[in-house]
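Peer 1: Next up is a structure, given as structure tokens.
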Amino acid sequence: MLIARHKGFTLIEMLVAIAILAISMAFAAPAFQSWIGNSQIRSAAQQITTGVQLAKSESLRRNALVKFTIDASNSWTISCVTVTPDCPAVIQLQKSGEAKTGRLVTQFSEGNIVVFNSLGQLATTLVNPGPLFIAVKSPDAKINSQIRIQISQTGNIRQCPKEPIPSTPVTTPC
Numbered sequence: 001m002l003i004a005r006h007k008g009f010t011l012i013e014m015l016v017a018i019a020i021l022a023i024s025m026a027f028a029a030p031a032f033q034s035w036i037g038n039s040q041i042r043s044a045a046q047q048i049t050t051g052v053q054l055a056k057s058e059s060l061r062r063n064a065l066v067k068f069t070i071d072a073s074n075s076w077t078i079s080c081v082t083v084t085p086d087c088p089a090v091i092q093l094q095k096s097g098e099a100k101t102g103r104l105v106t107q108f109s110e111g112n113i114v115v116f117n118s119l120g121q122l123a124t125t126l127v128n129p130g131p132l133f134i135a136v137k138s139p140d141a142k143i144n145s146q147i148r149i150q151i152s153q154t155g156n157i158r159q160c161p162k163e164p165i166p167s168t169p170v171t172t173p174c
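Pasting the structure below:
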């Protein structure tokens with residue numbers, strides 16, 4: 001006579017599986033937080049780079065001085081330095097909620113404004129000759145990386161590769 005066996009998990013087997021899953025999730029959580037933080041930094045840096053490139057193209061299109069500014073809430077604005085009928089006070093505005101940069105720190109190497117002339121060149125007067133940098137980083141100490149955006153005097157805009165946050169601001173070219 002054969003004994004009939006029930007198919008499925010026993011309560012003990014299910015509890016062991018849940019315990020293994022919980023332990024593996026506990027080990028993976030910090031890596032996921034770091035990955036999400038780095039993704040936010042990358043996304044914000046890309047959106048700021050796009051805004052700076054848009055300001056440069058607007059300066060060429062309008063043949064005027066156009067500025068790109070970021071305020072304390074990480075909202076950015078593209079506007080004309082001299083307001084005329086062809087060049088409005090605000091060309092484009094992006095709020096930090098739209099840019100998803102509200103929880104990030106944006107730091108300029110000098111000032112907090114980028115001005116392009118009618119040739120698309122950097123018109124911002126810099127104390128230190130060379131490129132202007134915008135660093136995008138997280139205020140969370142666990143995420144020790146930043147992305148710098150480099151704007152050369154000729155108007156060339158590029159993102160430096162992701163790098164560790166230094167103890168002092170780095171203004172060396174990418």
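Going by the UniProt record's numbering, the first residue of the sequence shown is number 1, and it counts up by one from there.
Every residue, glycine too, gets a C-beta built ideally from N, C-alpha and C.
For GLN46 and ILE149, what's the separation of their Cα atoms in angstroms?
Peer 2: 9 Å
Peer 1: When DSSP labels each residue in this structure, what does ARG5 get in the three-state scheme?
Peer 2: coil
Peer 1: Among LEU122, ASN63, THR50, LYS56, whose alpha-carbon lies nearest the alpha-carbon of GLN94?
Peer 2: THR50
Peer 1: To the nearest angstrom, how far is it from the Cα of ILE20 to the Cα of ILE143?
Peer 2: 27 Å
Peer 1: Leaving aside the five residues before and after ALA89 along the sequence, list all residues of the same chain whose C-beta is less than 6 Å from its C-beta, in chain order.
Peer 2: SER79, VAL83
Peer 1: So, does the region 57–70 touch the region 35–42, judging by three or more C-beta pairs under 8 Å?
Peer 2: Here the region 57–70 does not lie against the region 35–42, with fewer than 3 beta-carbon pairs under 8 Å apart.
Peer 1: I'd like to confirm the pairing. Which residues does DSSP put opposite ALA135 in its beta bridges?
Peer 2: GLN107, ARG148
Peer 1: Express the C-alpha separation of PRO85 and GLY111 in angstroms, rounding to a whole number.
Peer 2: Cα-Cα distance, rounded: 28 Å.
Peer 1: Using CA coordinates, which residue listed in GLU163, ALA17, ILE157 is at the minimum distance from GLN121?
Peer 2: ILE157
Peer 1: I'd like the list of long-range same chain contacts for ILE113, defined as Cβ closer than 6 Å, with 5 residues on each side in sequence excluded.
Peer 2: LYS67, THR69
Peer 1: Cβ of VAL136 within 8 Å of Cβ of VAL115?
Peer 2: no
Peer 1: GLN146: buried (16+ other C-beta within 10 angstroms of its C-beta) or exposed?
Peer 2: By the neighbour-count rule (16 or more Cβ atoms within 10 Å), GLN146 is buried.
Peer 1: DSSP state of ILE70, grouped into three classes?
Peer 2: strand
Peer 1: Within 10 angstroms of the Cβ of ILE18, are there 16 or more other Cβ atoms? Answer buried if so, exposed if not.
Peer 2: Under a 10 Å Cβ-count criterion, ILE18 is classified as exposed, with fewer than 16 other Cβ atoms of the shown protein chains found around its own Cβ.
Peer 1: Excluding sequence positions up to five away, which residues of its chain have a Cβ less than 7 Å from the Cβ of PHE9?
Peer 2: Same-chain partners within the cutoff: there are none.
Peer 1: Cβ of THR106 within 8 Å of Cβ of ILE48?
Peer 2: yes
Peer 1: Which stretch, first to last residue, makes up the beta strand (DSSP E) that contains LEU93?
Peer 2: 92–94
Peer 1: What number of angstroms, rounded off, separates the C-alpha of GLY102 from the C-alpha of SER24?
Peer 2: A caution first: GLY102 carries a pLDDT of 49, below 50, which makes its placement in the model too unreliable to give a value.
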